[in-house]
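So the sequences go chain by chain: C and X. Using my numbering, you'd call the opening residue of the first sequence number 1 and step up by one each time. Using my numbering, you'd call the opening residue of the second sequence number 1 and step up by one each time.
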Amino acid sequence: MTPNGAFAVGFVLIALAASNPGPRGLALLGALVLAFALIELRGATVIALRRAAVVVLPLAVFMGLVWVGFVGKAPYQIASATAGTRDAALAYVATLSGRLFLIVVVAQLVVLRFRALTPLQLIRALALPASAKRVLVVTLSLIATLRHAIDRAHTALIAAGTLTRAASLRNLLHGWRLMQAVWLSAITIMLGRMRDKWPVENTIARLDRALASGEARPFAGADRIWLPVVLGAGLLILLADRVGGAP
Amino acid sequence: MFTTPRLILIALGAALNFSIGTIVYLVKLPIYLDSIGTILTALLLAPDRMAAFFCAWAAAWASLAVSGLVNPFLPWFALTDVAIALVAALVVVGAAKIFRERPRRSGPFVAQVALCGLAIGIVSAVVSVPVVVYLFGGVTGSGSAFVVALFLKSGQHLMSAAMLSGLVNDPIDKVLQVLLAALLYRATPGDFIAMLRGPAPAIR
């Protein structure tokens with residue numbers, strides 16, 4: 001399977017999860033995602049499920065708190081101005097959390113499918129314009145740079161007595177200075193790279209060569225099986241709750 | 001249009017959106033702060049509104065691509081990001097001169113921050129409401145869900161609760177974002193801005 005095929009399959013699966021399928025459709029979609037995971041990732045499926053749980057579980061608790069605990073009605077009951085129940089609110093939050101869980105699982109599966117590749121190799125294999133690939137590579141590199149900049153600026157502002165380690169009013173008042181220091185630090189780093197480091201090391205030209213080398217095949221191999229399967233199953237998922245009466 | 005320094009700016013804007021937006025999302029504040037990089041990108045390219053729009057849009061979508069792994073709600077607000085980039089290019093770029101004036105004149109500075117923040121806030125609220133209501137039934141994972149819940153509890157219809165929540169949250173959030181972007185813009189070294197605006201060799 002190529003990264004392009006995996007991203008296309010992932011896009012279709014996520015669009016299906018977002019299309020608000022009914023219970024039958026959601027069950028079919030879950031089975032399809034599981035089949036994709038087990039065939040394409042095998043053992044790594046557990047990692048994707050665990051990561052998705054870490055992202056969605058706190059979200060589900062938060063939504064439960066707001067909708068079951070506070071509002072006590074499901075949105076459709078509010079929309080139709082009927083008497084609401086906490087059970088209906090709970091069912092609504094559970095369904096929505098299930099859809100979100102599937103979305104995060106699919107995103108994780110697509111990324112984990114190519115865990116053996118470095119981010120640079122993965123981006124190189126995508127059928128995207130060269131400038132889009134360059135932006136993605138530099139964005140990933142800059143997120144790491146910003147993380148270092150945050151650590152440095154945070155330590156410096158604590159040493160200067162502007163911020164404190166523990167939560168405090170001082171941190172609230174001067175928090176924007178941390179943002180300013182991080183921004184200036186990132187700009188300085190980038191100015192240094194663009195003016196001195198990159199021209200000397202010929203980085204941009206080398207990056208372009210690295211991104212251009214190797215063929216970025218749009219779809220090949222297992223893509224040609226998965227894409228029709230997912231599109232066909234997608235049609236079934238969309239129709240599952242519209243035909244055959246209520247489940 | 002997409003010179004190397006501008007591609008770097010897009011990446012910087014995306015990284016800024018991702019870093020601050022993720023922190024705010026995880027602590028469930030009733031604001032977002034996930035477009036500071038988008039607004040700043042537009043400001044740094046003033047007065048070229050066309051470049052400001054396309055680069056701000058690219059920064060917003062690049063951060064969506066990365067943030068989607070942490071916040072599964074975000075990709076559905078892709079159109080809101082386009083609207084924010086457009087208003088930033090049309091309105092905020094016009095205030096760039098006042099934002100960078102030295103010494104700073106507090107009156108015009110505050111007025112422009114409020115005006116630009118309100119414009120972006122109202123537009124983003126209007127564009128986001130259909131997504132919030134039809135796709136998620138008013139439920140999103142951000143702290144603004146509390147505000148929707150408050151309006152629902154007070155007897156509002158779902159659509160009007162989501163709209164009112166948006167009109168309460170978004171302008172406050174966007175005024176704060178424009179303020180932070182303006183402060184970062186003031187602090188940005190002039191030679192970096194010259195590099196972005198100057199005739200650098202275009203890359204393919």
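The C-beta atom is built at its ideal place from N, Cα and C for all residues, glycine as well.
Is DSSP giving T2 (chain C) helix, strand or coil here?
coil
Using a threshold of 8 Å, state whether the C-beta atoms of T3 (chain X) and I204 (chain C) are closer than that.
no
Pick helix, strand or coil for P201 (chain X), following the three-state DSSP scheme.
With a pLDDT of 47 at P201 (chain X), under the threshold of 50, the modelled position of that residue is not reliable, and the figure given next carries that caveat. Coil, per DSSP.
Heavy atom of the ligand SAH less than 7 Å from the Cβ of A56 (chain X), yes or no?
Absent from the structure shown: the ligand SAH. Ligands present: none.
Cutoff 8 Å: M179 (chain C) Cβ touching any chain X Cβ
yes
Which of the residues in the region 62–95 of chain X, read from start to end, lie with their CB under 7 Å from any CB of chain C?
A62, V66, G68, L69, V70, P72 and W76
For the region 18–44 of chain C, which residues have a CB atom closer than 8 Å to at least one CB atom of chain B, in sequence order?
Absence of chain B from the displayed structure is noted, the protein chains being C and X.
Identify whether N71 (chain X) lies in helix, strand or coil by the three-state DSSP scheme.
coil
Short-range partners of chain X found in the region 170–201 of chain C, where Cβ spacing is below 7 Å
W176, M179, Q180, W183, L184, A186, I187, M190, L191 and M194
Would you identify the three-state DSSP class for S19 (chain X), choosing helix, strand or coil?
helix
Span of the alpha helix (DSSP H) around L100 (chain C):
R86 to L112
Out of C:L13, C:N4 and C:P3, which one is the CA nearest neighbour of G234 (chain C)?
C:L13
Taking 8 Å as the CB-CB cut-off, is F18 (chain X) touching chain C?
yes
Compare the Cα-Cα distances from G5 (chain C) to each of C:L236, C:L227, C:V137 and C:L238 and report the closest residue.
C:L227
If you measure from the beta carbon of T85 (chain C) to each beta carbon in chain X, is any gap under 8 Å?
no
L90 (chain C) to G166 (chain X) span [Cα, whole Å]:
24 Å
Put P23 (chain C) into one of helix, strand or coil per three-state DSSP.
helix
Excluding the 5 residues preceding and the 5 following S144 (chain X) in the sequence, name in chain order all residues of the same chain whose CB lies nearer than 7 Å to its CB.
P30, S165 and N169
DSSP-derived helix/strand/coil call for R263 (chain X):
Outside the shown range of chain X, which is 1 to 204, sits residue 263 (chain X), and nothing can be said about it.
Short CB-CB distance (under 8 Å) between I78 (chain C) and chain X:
yes
C-beta contact flag for A88 (chain X) and I120 (chain X) at 8 Å:
yes
Under 8 Å between C-beta atoms of V104 (chain C) and V33 (chain C)
no
Looking at C-beta atoms only, is the number of pairs between the region 91–101 of chain C and the region 143–162 of chain X that lie closer than 8 Å three or more?
no
Can you give the Cα-Cα distance for V111 (chain C) and L122 (chain C), rounded to whole angstroms?
9 Å
Give me the Cβ distance between V248 (chain C) and A60 (chain C), rounded to the nearest whole Å; I'm assuming they're in contact under 8 Å.
Shown here, chain C extends from 1 to 247; a query on residue 248 (chain C) therefore has no answer.
A44 (chain C) lies in the alpha helix (DSSP H); which residues open and close that run?
Note, A44 (chain C): premise wrong, no alpha helix (DSSP H); not H, not E.
If distances are taken between C-alpha atoms only, which option among X:P75, X:L64, X:A78 and X:W57 comes closest to L90 (chain X)?
X:W57
If you draw a straight line from the C-alpha of L238 (chain C) to the C-alpha of A116 (chain C), how long is it?
34 Å
Where does the unbroken alpha helix (DSSP H) through Q77 (chain C) begin, and where does it stop?
P75 to A79
Our contact map puts V71 (chain C) next to A162 (chain X) with C-beta atoms below 8 Å; I'd like the distance itself, whole angstroms only.
About 13 Å separates the two Cβ atoms, so there is no contact after all.
I need the boundaries of the alpha helix (DSSP H) containing Y185 (chain X), first residue and last residue.
L158 to A187
According to a CB-to-CB cut-off of less than 8 Å, which residues of the region 112–131 of chain C neighbour chain X?
A130 and S131
Local conformation of G137 (chain X) per DSSP, three classes
coil
Cut-off 8 Å between Cβ atoms - residues of its own chain near H154 (chain C), not counting five sequence neighbours on either side
L163 and L178
I'd like to know if L109 (chain C) contacts chain X, where contact means its C-beta is closer than 8 Å to some C-beta of that chain.
no
If we call anything under 8 Å between Cβ atoms a contact, is L196 (chain X) one with L44 (chain X)?
yes
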